[in-house]
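> Sharing a structure below in structure tokens format, with a few things to ask.
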Amino acid sequence: MGFYSQKILPYLIDWSLSDPSLAKYRQEVLANVEGEVLEIGFGSGVNLSYYPEHIHKIITVDVNPGIHALAQKRIQASSIIVDHHILSGENLPMADHAFNSVVSTWTLCSIENVEQALKEIYRVLKPGGRFFFH
16 MGFYSQKILP
26 YLIDWSLSDP
36 SLAKYRQEVL
46 ANVEGEVLEI
56 GFGSGVNLSY
66 YPEHIHKIIT
76 VDVNPGIHAL
86 AQKRIQASSI
96 IVDHHILSGE
106 NLPMADHAFN
116 SVVSTWTLCS
126 IENVEQALKE
136 IYRVLKPGGR
146 FFFH
């Protein structure tokens with residue numbers, strides 16, 4: 016990843032996705048998240064404050080290490096433990112049937128091989144698990 020991708024793009028993404036008009040969508044998407052949680056496309060951590068109170072830990076993935084640096088403030092301000100991995104949602108190293116909930120907001124459009132990412136999401140979801148996306 017080049018200078019633009021690591022240093023400029025993260026700020027543009029954070030600025031645009033932090034828009035207060037998106038709050039109601041985040042609340043709707045995250046309201047019923049439960050159990051073991053994986054968030055694909057964690058970005059700058061904007062979703063953290065919208066998770067239900069009973070969520071205490073999430074595993075997150077994002078391909079851009081530059082945007083994770085922006086997430087640090089939100090992670091430190093949150094009571095949720097974040098186990099972050101810099102990798103793509105197309106090739107998840109997690110075990111089969113590991114998560115009750117997989118979350119992905121405003122991310123699928125930026126994944127090169129969406130079909131592969133959806134297969135991975137299905138693979139890591141427990142039977143009866145749910146995929147929450149917008």
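Position one of the sequence shown corresponds to residue 16 (my numbering), numbered consecutively onward.
Built from N, CA and C at the ideal position, the CB exists for glycine as well.
Give me the residue from Ser116, Gly60, Asp29, Leu140 with the minimum Cα distance to Ala110.
As a working mapping, residue 110 is identified with position 95 in the sequence shown. Of the listed residues, the one whose Cα sits closest to Ala110 is Leu140.
> Grouping DSSP H, G and I as helix and E and B as strand, with all else coil, what is Ile70?
In the sequence shown, residue 70 corresponds to position 55, counting from 1. Residue state, collapsed to three classes: coil.
> What are the start and end residues of the beta strand (DSSP E) that includes Gly143?
In the sequence shown, residue 143 corresponds to position 128, counting from 1. Segment 140 to 148, the beta strand (DSSP E) holding Gly143.
> Going by C-alpha distance, which of Leu53, Ile136, Arg145 is nearest Glu105?
Mapped onto the sequence shown, residue 105 falls at position 90. Comparing Cα-Cα distances from Glu105 to each of Leu53, Ile136, Arg145, the minimum goes to Ile136.
> Output yes or no for whether 7 angstroms exceeds the beta carbon distance between Gly58 and Ile82.
Locating residue 58 in the sequence shown gives position 43, counting from the first residue. Locating residue 82 in the sequence shown gives position 67, counting from the first residue. Contact flag set, yes.
> Determine the contact status of Arg89 and Leu123, defining contact as a CB-CB distance below 7 angstroms.
Your numbering for residue 89 matches position 74 in the sequence shown. Your numbering for residue 123 matches position 108 in the sequence shown. No, the Cβ-Cβ distance between Arg89 and Leu123 is not below 7 angstroms.
> Determine the DSSP secondary structure at Leu27, reduced to helix, strand or coil.
Locating residue 27 in the sequence shown gives position 12, where the first residue counts as 1. DSSP places Leu27 in helix when its eight states are reduced to three.
> What does DSSP give as the partner residue(s) for Ile55 in the beta ladder?
Taking the first residue of the sequence shown as position 1, residue 55 is located at position 40. Per DSSP, Val76.
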